[in-house]
Amino acid sequence: MQTALKAATYLAIAVVVLALVLVQTLVRASASEDASRYPEVADYAAAYGLAAVVAIAGVQVALLALGRLVSLATSGRVVGRPGLAWLAVITWSLAASTAITAVVVVHQMSLPAGRAAGPIVIWLMIVAAAGCMATLVTLVVRQVLLRAIAADRELAEVI
Numbered sequence: 001m002q003t004a005l006k007a008a009t010y011l012a013i014a015v016v017v018l019a020l021v022l023v024q025t026l027v028r029a030s031a032s033e034d035a036s037r038y039p040e041v042a043d044y045a046a047a048y049g050l051a052a053v054v055a056i057a058g059v060q061v062a063l064l065a066l067g068r069l070v071s072l073a074t075s076g077r078v079v080g081r082p083g084l085a086w087l088a089v090i091t092w093s094l095a096a097s098t099a100i101t102a103v104v105v106v107h108q109m110s111l112p113a114g115r116a117a118g119p120i121v122i123w124l125m126i127v128a129a130a131g132c133m134a135t136l137v138t139l140v141v142r143q144v145l146l147r148a149i150a151a152d153r154e155l156a157e158v159i
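Just so you know, we're using full-length UniProt numbering here: the sequence shown kicks off at 1 and counts up by one.
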């Protein structure tokens, strides 16, 4: 990978991670504001705000691990234990974010009509969970393929 492309990738990751820090701050502020404006959901504002911040943190961890994978790819060491370890970090952090989103969706769907978020919010959360699951499936398949490639390389070195 060219140096300029690598630098652009790092810059893009840094910008997205920093933007997500801003989103985390806004989510907490929005949850507090909604709790004061809508007393019927005030009981859940702190929990949902915390869940959103932790789910976003999982995405941030995945992005930082992706940056490390880019570094390994440029040095030609992405296939092997280091690459698999960072791919596992990405997979598990996104799995945690997906699980948190799914728990919030299930909880929202179990609330009585007057206390639940509107249908648009629930559908957005379902779409977010589905998107995370699709990404996870892709990552798991990639991890299996990288393990197979690493095993083939080790076998080729022995032979």
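For glycine and all other residues, C-beta sits at the position ideal for the given N, C-alpha and C. Predicted model, so just to flag it, every value in this text is computed and none were measured.
- Only exposed fits G76, as fewer than 16 other CB atoms lie within 10 angstroms of its CB.
- In the displayed model, Y38 falls within coil according to three-state DSSP, outside both helix and strand.
- Comparing alpha carbon positions, the residue from P112, D152, I126, L5 closest to V104 is I126.
- In this structure, V41 is the residue among V41, L87, S71, V78 with its C-alpha nearest to the C-alpha of P112.
- The Cβ atoms of A19 and A31 do not sit closer than 7 Å to each other.
- Closest by C-alpha distance to L64, out of L87, R28, V23, is L87.
- A direct Cα-to-Cα measurement between Y10 and A4 gives close to 10 Å.
- Taking C-alpha positions only, V141 is separated from A156 by approximately 23 Å.
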